[in-house]
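Order-wise, the sequence lines are chains E, P, W, A, U and C. full-length UniProt numbering applies: residue 1 is where the first sequence begins, and numbers increase by one. full-length UniProt numbering applies: residue 1 is where the second sequence begins, and numbers increase by one. full-length UniProt numbering applies: residue 1 is where the third sequence begins, and numbers increase by one. full-length UniProt numbering applies: residue 1 is where the fourth sequence begins, and numbers increase by one. full-length UniProt numbering applies: residue 1 is where the fifth sequence begins, and numbers increase by one. full-length UniProt numbering applies: residue 1 is where the sixth sequence begins, and numbers increase by one. By construction, the Cβ of each residue, glycine as well, lies at the ideal position given by its N, Cα and C atoms. The next block holds one structure in the form of structure tokens; read it before the comments.
6 protein chains.
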Amino acid sequence: MTVLTPTPFQAQPEIPPYVPQGNECQLFETALVRQLPLLLKGPTGCGKTRFVSHMAARLGLSLTTVSCHDDLAAADLTGRYLLKGGDTVWVDGPLTRAVRSGGVCYLDEIVEARKDVAVVLHPLTDDRRILPLERTGEILDAPPGFMLVVSYNPGYQNILKALKPSTKQRFVAIEFDFLPKEQEIAVVSTESGLEAARVAPLVDLAHRLRAMKGHDLEEGVSTRLLVYCACLVDSGMPAREAVLAALIEPLTDEPDVRAALREIAHAVIA
Amino acid sequence: MTVLTPTPFQAQPEIPPYVPQGNECQLFETALVRQLPLLLKGPTGCGKTRFVSHMAARLGLSLTTVSCHDDLAAADLTGRYLLKGGDTVWVDGPLTRAVRSGGVCYLDEIVEARKDVAVVLHPLTDDRRILPLERTGEILDAPPGFMLVVSYNPGYQNILKALKPSTKQRFVAIEFDFLPKEQEIAVVSTESGLEAARVAPLVDLAHRLRAMKGHDLEEGVSTRLLVYCACLVDSGMPAREAVLAALIEPLTDEPDVRAALREIAHAVIA
Amino acid sequence: MTVLTPTPFQAQPEIPPYVPQGNECQLFETALVRQLPLLLKGPTGCGKTRFVSHMAARLGLSLTTVSCHDDLAAADLTGRYLLKGGDTVWVDGPLTRAVRSGGVCYLDEIVEARKDVAVVLHPLTDDRRILPLERTGEILDAPPGFMLVVSYNPGYQNILKALKPSTKQRFVAIEFDFLPKEQEIAVVSTESGLEAARVAPLVDLAHRLRAMKGHDLEEGVSTRLLVYCACLVDSGMPAREAVLAALIEPLTDEPDVRAALREIAHAVIA
Amino acid sequence: MTVLTPTPFQAQPEIPPYVPQGNECQLFETALVRQLPLLLKGPTGCGKTRFVSHMAARLGLSLTTVSCHDDLAAADLTGRYLLKGGDTVWVDGPLTRAVRSGGVCYLDEIVEARKDVAVVLHPLTDDRRILPLERTGEILDAPPGFMLVVSYNPGYQNILKALKPSTKQRFVAIEFDFLPKEQEIAVVSTESGLEAARVAPLVDLAHRLRAMKGHDLEEGVSTRLLVYCACLVDSGMPAREAVLAALIEPLTDEPDVRAALREIAHAVIA
Amino acid sequence: MTVLTPTPFQAQPEIPPYVPQGNECQLFETALVRQLPLLLKGPTGCGKTRFVSHMAARLGLSLTTVSCHDDLAAADLTGRYLLKGGDTVWVDGPLTRAVRSGGVCYLDEIVEARKDVAVVLHPLTDDRRILPLERTGEILDAPPGFMLVVSYNPGYQNILKALKPSTKQRFVAIEFDFLPKEQEIAVVSTESGLEAARVAPLVDLAHRLRAMKGHDLEEGVSTRLLVYCACLVDSGMPAREAVLAALIEPLTDEPDVRAALREIAHAVIA
Amino acid sequence: MTVLTPTPFQAQPEIPPYVPQGNECQLFETALVRQLPLLLKGPTGCGKTRFVSHMAARLGLSLTTVSCHDDLAAADLTGRYLLKGGDTVWVDGPLTRAVRSGGVCYLDEIVEARKDVAVVLHPLTDDRRILPLERTGEILDAPPGFMLVVSYNPGYQNILKALKPSTKQRFVAIEFDFLPKEQEIAVVSTESGLEAARVAPLVDLAHRLRAMKGHDLEEGVSTRLLVYCACLVDSGMPAREAVLAALIEPLTDEPDVRAALREIAHAVIA
């Protein structure tokens, strides 16, 4: 029986590194100063969550992240009554805690949440900047240091799940995309420990696969998968096997598409 | 690490400023005097909520606002039994509190609420002016100073969610639209702090974008987004970047439409 | 800041005034004497609720009204167990209270309620005249002075929501319609305080608009909206503005239909 | 104000009168003796419920009736745990009470109930004749004097609601229809107090209307409505008005159909 | 008033009689010895439940039967927390009790149950033979004497309700059909007490009616209905009346089909 | 009455035997070392669960397996508040227990679970490796020895149930298929006790049946069913009967398909 000693993933720095693509850092700061809520749009794994972590740490703000999903309801954000010793006691949800104490509250993939969530955000995202807790009768004023950030992936077309215009019109918005090639090589190399020269063909391949999005692939390769792939190579796995496990199998279940992707990969990766 | 000192948004005045578009202030006052419920119709961000805040403050009435959503049920408005020390205790909802104490109760986007909400409003919106609380057996008489105001956006066509004629026929109604150009420039300048001359081209652009509604855009630019945009410019962001972040990205996720909007913007904004 | 002194709506008389259209008063009395349940059919705002209030007061019977809606279930009518001091205590619903104490129980818009409601009514509407409370094991005998009245609007065609024949066949039924012109002028004048001569053209207009039902309008103008309109005129609002706010805006959101209605109104109202 | 003294409906006799149509009484007795469950099929108001009441009284058996509906679940029949003094206490439902004590348990309109109800009946309707209470772990043996009777109206065609063959194949079944003319006149006269000669044309009319079933009418006139109609006439209402209120308005909401039915009625009724 | 003395159904023997159709008894024993779960397929009333009762009694195993239905969830099989004296106490469900104590657990009409039920069975039906109780954190090992048997009727085609291949592939399976004629006559005669010569034409008729399955009848006559029919005849009811009540009315509600079945019956039965 | 002594299934060894198909063992180890989550894809019964058991035992890691289903929600994995002595007490779910204590957490058939489950996994499957418990306010850091493994069967095409790309892009993935013939014969022989020569024709037959997948069969024969079949033969059942019970009946309910499969079987099996 082999016992492996797992080695920890790269230690989390004080301020997570982030390479800006445009004016997004300035826009984040201005939105904080002018107390405007912020909407981040962009594909899976392009760095939206990392950007928020980076800005919150850089500006000295606490960060509360909520991953939204089909069953996330307003009460999951604002709070609930729980039974304690026979009484019902109010327990704040993550949004309420953030509004009380200030800092960034980040709702990831907001379109996935139930519809009442968007409405809870309305009084927080106009000039009132309040969070009414109907169940307790409280009305909380968001402090100047509170900032609401939400995100979604416009690549998923889903008429049932689109954000209503009346909600989108309450946010200043930024469109994200994948990093330019040189920057992405640097990021993947840093995060995986694999030297840049060996990362470069993997990034090359990722750019080719991203070009297939909308045709055979629902979504392009994320930077995260590139890091996974580079980790496998760095651990001694042959590059083609790492590409299959980290860049191809996670993208498709179709035998024909998989075969096509392997051919492309073999043309690029030795 | 930079620490920013957020500056507070414009302080809330005693009576929120409001520029009337027509006879809506007189109609609101008459509805209050004659005890008629009021229905406000109009697009997102055209000032319906502001109008209600203005009139409530001007007439010295308290204001209770409830943002309606898919899961808002009658009990969320009227009240519920909660467990306290082993007993079930009745806790008034916001509508019940407003009926007991008088003042304006404003149900924003009423069509979003569940169907039983409309029915709770029926006995409040005919000559009985009562709120029966079936769970407690109480029947509350609305005092003369109680006024019910509801709103919705007729621009969202949704047969599943339309207000029933039997409900609409219980309200006096006002149709709202965006402000005329000169008035909108004044409002945006006041709220953002940006001088009127620099606001004017932004409002010009907004009017062009609103004309595209129904073609490429689901909804036109709201006055609120114009204020956001002017805030960004006032904080030193180049106008075209501010327009992209505040007027274009929140309106569309379609690359083609975004490109078209940017072209229009570049023709208007230096 | 202006403070208005709201003037109360017309005080509720002992017996609410009612102008019979046909034999409905005799039919109500006979149904009470012979212990037959009664079904009222007719459009929104034509006076069904007023008729029941009138007859109950005239015959010295208490009146319990329940507005039915999508989520109204049998238990909302019959009762529920609630927690009190750690025990579950049975609390009668409005139908059960009415069966215990006698009087008229009026279920408004019965077709809106959940299906189990109709079935709860079955043993009350045949010769057994009983209300079985399955949860408590009680079987209540309705006293001779108990009378069940239900109503719905056959104008809403909805196959999902139609009353089953097996339920309709348990009621004696009356079809209501709007009042003849002279009677409607009298009612509107009395309720609004506006002199009959100024009410007459409003009633004229209402009859024209009702003729459009099924073409551009889902439903005709109710007598209630006519009273609203006359109230606005009586308070000094120009007639055309009152017509727009009380007779046109509540009926349609379609710009084309609204324009057509305004033209008709301007032809009739100075 | 008029105060009417309601006169009670005909007093319930020891054994409700019933006029057999065929061998149904013998079949009921044999089913009881051989311990076979019984299924009654037939249109609304043709006497199925009356037949069960008659047979139960005649055979000296207690009778438990449950009207089934969309939300009736197995637990409504078998029982539930309720909170009493902090503990959960099991409370028998009506079916369990009937199985424990014997007698007839009659489930009216069984097809309306939720699907789990049919399955609860399976072990009661084969040679095991047991009622397993999964929640308590008890298995009740039905005593010889227990008999299960269910009914439905095959006239409602509804593929979502049909009884599964695996359930129907567990019952001996009887098809009911309306009474022959002479018998129906006798029943209506007895129940309404109106002399047979005046009842006869009403029954004539009912037979004509029943012939229209499937064409303009979803269902024919029930014997119950005929009794209502005769009651109104007996109380002094003109026959044509009574026919309108009791035989026509409950059957249709369509103006054209109503007009046709009135013409037929006027040809038969003076 | 007649008081009938019901005579009890045939007393349940120690081992319920069962006439094998093929190798099913050997297969059941082998499945028990090799600890393989068993799936029984076949039409309503062909003897699946009887077979399981027979084998369990013959092999000296306890038998737990659960009739599955639309609302049967995993927790109904595994157990739930209930409130007792203010605490939540875990109460085993029938499957958990069977796994703890051994014996046969028979889930009848498994396809009717909710989807989570099938998944609860997965770890019990591979080589792990465990029942994980996620709510309590327990993992129960099924003892060697535990055997899982499930059944369904493949005649009901319902794509929403089919067992997933990943579930079916966990069972050894047997297909059942109705008994051959001679065996069925013997069974019906034994169970009803009617002599074989008088049973024979009834079985003849049943075979003719079964041949109509899929054309006018959704399902053929079960052996159970044949026993019912023979019971009625044995109690003195004319054979044609018994056939109508026990073999025809339970099979169809269509007048045309009923008439056709009666003609077939009259050709066979005097 | 025969009493059989069931013989226990093959005793579970310390490390369950597993025959690798490719680089999957190395990939599992590397994923553990580099802290990457793992996704296993492949048909029912091809050995995914066995592979995870094998690797966990071989690497000395505890293993928590959760079979996902339609009703499995995030709270079933993370934990819930339960009532204990009047208080609500938090009870960890299986995922939370695994994150607290380390080891492999294996979510089988992840696509079956409710959508909120995937989102709970997001912060565990990026570089944060955290499990936020929103209900308690805790944020758990996964220890280095924690590894998340999920699986699904891509052969079930179901657009409602596909894993979102944003979830799949968080895993390194392996595609599994059935074993090559020689390896499968060895596995079946070992697990059933039947000699390899008698297993060989069964495996031959299985390969022929798998080739029919997508045409007449929804899924091919699993290795598990082959083991069942060999067990039956090993217990003395004729091979053709064993093939019918273990390889044909579990795969199809269609008489035509069954007949075709039997013909194929008879050609291969004596």
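Compare the C-beta of Pro-123/U with all C-beta atoms of chain C and state if any pair is closer than 9 Å.
yes
For the region 220–240 of chain E, which residues have a CB atom closer than 7 Å to at least one CB atom of chain C, in sequence order?
Ser-222, Arg-224, Leu-225, Tyr-228, Cys-231, Leu-232, Ser-235, Met-237
May I ask you to verify whether the region 252–266 of chain W touches the region 176–195 of chain P, counting CB pairs closer than 8 Å and requiring at least 3?
no
Pull the bridge partners of Asp-108/W from the DSSP assignment, please.
Looking at the DSSP assignment, Asp-108/W forms a beta bridge with Ser-67/W.
My guess is that residue 276/W and Arg-170/W are in contact by the Cβ rule of under 8 Å, so how many angstroms apart are they, rounded?
Chain W is shown only over 1 to 270; residue 276/W falls outside these bounds and no answer can be derived.
So, at 8 Å on beta carbons, what are the nonlocal neighbours of Lys-164/E in its own chain, with the 5 sequence-adjacent residues on each side left out?
Excluding five sequence positions before and after Lys-164/E, the CB atoms of its chain that fall closer than 8 Å to its own CB belong to Ala-118, given in chain order.
Span separating the alpha-carbon of Arg-58/P from that of Leu-72/E:
39 Å
Taking its Cβ as the centre, do 16 or more other Cβ atoms sit within 10 Å of Pro-37/U, making it buried, or is it exposed?
buried
Which stretch, first to last residue, makes up the beta strand (DSSP E) that contains Ala-173/P?
From DSSP, the beta strand (DSSP E) with Ala-173/P extends over 172–175.
Simplified DSSP state of Arg-80/W, which is helix, strand or coil
strand
Determine the closest residue to His-54/P out of Val-33/P, Glu-29/P, Ala-74/P, Asp-70/P, with distance taken between C-alpha atoms.
Glu-29/P
Does the beta-carbon of Ala-173/A have 16 or more other beta-carbons within 10 angstroms, so that it is buried, or is it exposed?
Within a 10 Å sphere around the beta-carbon of Ala-173/A sit 16 or more other beta-carbons, which makes this residue buried.
Could you tell me whether the Cβ of Ala-74/E comes closer than 9 Å to any Cβ of chain C?
no
C-beta atoms of Pro-201/A and Ala-270/A nearer than 9 Å:
Going by C-beta atoms, Pro-201/A is nearer than 9 Å to Ala-270/A.
Which one of Gly-42/A, Gln-35/A, Val-33/A, Val-199/A has the shortest CA to CA distance from Asp-177/A?
Gly-42/A
At what residues does the beta strand (DSSP E) containing Tyr-152/W begin and finish?
Counted as a single uninterrupted DSSP element, the beta strand (DSSP E) harbouring Tyr-152/W occupies residues 146–152.
Tell me the DSSP secondary structure of Ile-159/A in three-state form.
Residue confidence for Ile-159/A is low, a pLDDT of 49 falling below 50, so the modelled location carries little weight and cannot support an answer.
Just to confirm, is the Cβ distance from Glu-134/W to Asp-70/A under 9 Å?
No; because the gap between Cβ atoms is not below 9 Å, this pair is not in contact.
Answer with buried or exposed for Ser-151/E, where buried requires no fewer than 16 other C-beta atoms within 10 angstroms of its C-beta.
buried
Best match in Ile-110/P, Val-187/P, Arg-100/P, Ser-192/P for proximity to Gly-79/P [C-alpha to C-alpha]
Arg-100/P
Within the same chain, show all residues whose beta-carbon is closer than 8 Å to that of Ile-264/P, passing over the 5 residues directly before and after it, in chain order.
Leu-205, Arg-208, Leu-209
From the DSSP output, read off the bridge partner residues of Ile-139/A.
Pro-132/A
Please state whether DSSP places Lys-164/C in a helix, a strand or coil.
Lys-164/C falls in the coil class under three-state DSSP.
Counting pairs of beta carbons, one from the region 138–154 of chain U and one from the region 186–201 of chain U, are three or more of them closer than 8 Å?
Fewer than three Cβ pairs drawn from the region 138–154 of chain U and the region 186–201 of chain U lie within less than 8 Å of each other, which leaves the two stretches out of contact.
Whose Cβ in chain W lies nearer than 9 Å to the Cβ of Val-268/P?
Neighbours of Val-268/P on chain W: none; closest Cβ ~27 Å, over 9 Å.
At the 9 Å Cβ level, is Asp-71/P part of the contact set with chain E, yes or no?
yes
Since Leu-251/C sits in a beta bridge, which residues does DSSP pair it with?
Leu-251/C is not bridged to any residue.
Less than 9 Å separating the beta-carbons of Lys-48/A and Asp-108/A?
yes
Chain P contacts made by the region 186–198 of chain W, where a contact means CB separation under 8 Å
Within the region 186–198 of chain W, the residues whose Cβ lies closer than 8 Å to some Cβ of chain P are Glu-191, listed in chain order.
CB-CB length for Leu-251/U against Val-221/U, believed under 8 Å
7 Å
Give the secondary structure of Asp-204/E by DSSP, where H, G and I count as helix, E and B as strand, and everything else as coil.
helix
Check the Cβ-Cβ distances between Arg-210/E and every residue of chain C, and say whether any is below 9 Å.
No, because no Cβ of chain C sits closer than 9 Å to the Cβ of Arg-210/E.
Using a Cβ-Cβ distance cut-off of 9 Å, determine whether Ala-118/U contacts chain C.
yes
Measure the beta-carbon distance from Leu-63/W to Gly-103/W and round it to whole angstroms, keeping in mind my assumption that it falls under 8 Å.
6 Å
Does the Cβ of residue 279/A have 16 or more other Cβ atoms within 10 Å, making it buried, or fewer, making it exposed?
In the structure displayed, chain A extends from 1 to 270; residue 279/A sits before or after that span and is not available.
Cutting at 6 Å between CB atoms, please list the residues of its own chain near Arg-224/P, excluding the five before and the five after it.
Taken in chain order, the residues that qualify are Gly-45.
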